[in-house]
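Chemist: This is the structure, below, for whatever I ask next.
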Amino acid sequence: MSVFNLRLESVRRKSGGRIHLTPKVPRSGPVTTLCGQTLAAASYVAVEQDADCTNCKRRSMDPSRISGAFFAQEEGSQLLQLSLEQARARRPAGKAAPSSSKPIVRVLPPQAPAVPDRIGELYTNGFKAAGEGLWRSQAGVLVRMRKQGREWRFAELVFDGSIVATRQDGGMKLRAGDVEVRPTQDGFEVRVRRT
Ligand SMILES: [Zn+2]
120 MSVFNLRLES VRRKSGGRIH LTPKVPRSGP VTTLCGQTLA AASYVAVEQD ADCTNCKRRS
180 MDPSRISGAF FAQEEGSQLL QLSLEQARAR RPAGKAAPSS SKPIVRVLPP QAPAVPDRIG
240 ELYTNGFKAA GEGLWRSQAG VLVRMRKQGR EWRFAELVFD GSIVATRQDG GMKLRAGDVE
300 VRPTQDGFEV RVRRT
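Here is the structure:
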């Protein structure tokens, strides 16, 4: 028996609407979502967010549906083929191939998108995302960033604890809990202090 560990991908119409799931977002051509909709070629984009289509989410819990969706899609079955070959390559020589009937597809939770080291004026190391433009440090310092043009800039810091503000050339340095906000030439930099 072969077991495949695969992830589903999120896809959305360019015109907006719900985020759906599909085995693999193809580079071109139409795509069929788990909830059975066919999105025409060039009308959709792959997105990183989690799906919010109720039908897609429900069907993603059903292994037989998932297998079917992978097999029904060219890109999906290519993925399965690839996993199968990798599994064969890993199998020690001399061992008989498992008596396979129908392969099982196990769907892994979507991979969290990697957080870049720096988002505008904020160094993300030590922070956890707490919402759109909102970051929380381990000590509970809440930092709100605001998008100005294409750049995320420091907007607000909230902390119920010890804060030290120090005058510096051209501005003020702020230490709140484990977070430090320092002035730079054209703004601020926000980071978690290393102890
Ligand atoms: Zn859907």
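Each residue of the sequence shown is one higher than the one before, starting from 120 at the first, in the numbering used here.
Heads up, the beta-carbon is just placed ideally off N, CA and C, and yes, glycines get one too.
(1) With a threshold of 6 Å (Cβ to nearest heavy atom), would N244 be considered close to ligand 1?
(2) With a CB to CB cut of under 7 Å and the five nearest residues on each side skipped, what residues in its chain are close to G289?
(3) L241 bridges to which residues according to DSSP?
(4) Among the residues of its own chain, which have a CB less than 7 Å from the CB of V144, if the five just before and after it don't count?
(5) Kindly list the residues whose CB is nearer than 8 Å to the CB of G259, restricted to its own chain and excluding five residues on each side of it in sequence; keep chain order.
(6) Span of the alpha helix (DSSP H) holding T173?
(7) Can you confirm whether the stretch 166-173 touches the stretch 190-205 when touching is taken to mean that 3 or more C-beta pairs between the two stretches lie within less than 8 Å?
(8) Taking 6 Å as the line, does the beta carbon of A170 fall inside it for any heavy atom of ligand 2?
(9) Closest to Q304 by CA distance: which of Q287, S162, V311, G245 is it?
Modeler: Taking the definition as stated:
(1) Flag unset: Cβ of N244 not near ligand 1.
(2) Its chain contains P302 as the residues whose beta carbon lies nearer than 7 Å to that of G289, once the 5 sequence neighbours on both sides are disregarded; these appear in chain order.
(3) Here L241 is bridged, per DSSP, to I238, V309.
(4) Same-chain partners within the cutoff: E128, V130, V150, A165.
(5) For G259, where only same-chain residues beyond five positions count, the Cβ hits under 8 Å are F278, D279, G280, G296.
(6) If you look at T173, you'll find it in the alpha helix (DSSP H) that goes 173-178.
(7) No, they do not touch.
(8) Ligand 2 is absent from the structure shown, which contains only ligand 1.
(9) Distance check between Q304 and each of Q287, S162, V311, G245 places Q287 closest, using alpha-carbon atoms only.
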